[in-house]
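Student: Numbering (full-length UniProt numbering), first residue to last: 1 to 186.
Every residue, glycine too, gets a C-beta built ideally from N, C-alpha and C.
(1) Leaving out the 5 sequence neighbours to the left and right, which residues in its chain are closer than 8 Å to residue 26 when beta-carbon positions are compared?
(2) Taking the alpha-carbon positions, what's the residue 117 to residue 186 distance?
(3) By how many angstroms is the C-alpha of residue 149 removed from the C-alpha of residue 102?
(4) Could you check if residue 95 is buried or exposed, using at least 16 other CB atoms within 10 Å of its CB as the buried criterion?
(5) In angstroms with no decimal places, state the Cα-to-Cα distance between residue 41 and residue 88.
(6) Checking 8 Å against the spacing of the C-beta atoms, do residue 108 and residue 142 come in under that value?
(7) Judging by CA-CA distance, which residue of 84, 172, 137 is the nearest neighbour of residue 12?
(8) If we require 3 or more residues per run, which beta strand (DSSP E) segments fall completely within the UniProt domain "VWFA" (83-186)?
(9) So, is residue 119 buried or exposed, given that buried needs 16 or more other C-beta atoms within 10 angstroms?
(10) Can you tell me whether residue 8 is helix, strand or coil according to DSSP?
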């Protein structure tokens, strides 16, 4: 699933806690340098600037488009227009850390230029099965997105299936019908 996202030109940033497998985070990430780690979920603000800096300077060239061809944070685009998807671990093991994840998403969204023709945002939560909380074309204002993020509830469930979640994002979020502008080179 990760290689399929990479081939689409999606930049995947993997963020984990000390209990995360660092090799797995590096494999999930577009580049090993995009794998970020914190001790606890409450430490997420400590990497916010590092993430935002990487998001603003990352430029990729998509050389292949094979339509037949998985927080993690997924970014598809070249600034100033970005399609940003937050993939949140909603499994039972993250219940106590979920408010910190939700706050982190809010803080990152606050820095974006949300508009139909600028930055678009989606949130997907997963445990065993992924589900979109909202798609890239659901909201066109920062206020709408922030209100929805504030109201997110922890999904719960197990086992954790990150591979299926990444595939879900590729197949259901980075699509034109869900608001992705991948075909417009965003």
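Tutor: Short version:
(1) Closer than 8 Å at Cβ, skipping near neighbours: 14, 32, 35.
(2) Approximately 10 Å, taken between the alpha carbons.
(3) One Cα belongs to residue 102, the other to residue 149, and the distance between them is close to 7 Å.
(4) By the 10 Å Cβ count, residue 95 comes out exposed.
(5) So the two alpha carbons sit approximately 12 Å from each other.
(6) Judged by their CB atoms, residue 108 and residue 142 are not nearer to each other than the 8 Å cut-off.
(7) Nearest in C-alpha terms to residue 12, of all of 84, 172, 137, is 84.
(8) Runs of the beta strand (DSSP E) lying entirely within the UniProt domain "VWFA" (83-186), each at least 3 residues long, are 120-126, 130-134 in chain order.
(9) Classification of residue 119: buried, given that the 10 Å Cβ count is 16 or more.
(10) Taken through DSSP and simplified to helix, strand or coil, residue 8 comes out as coil.
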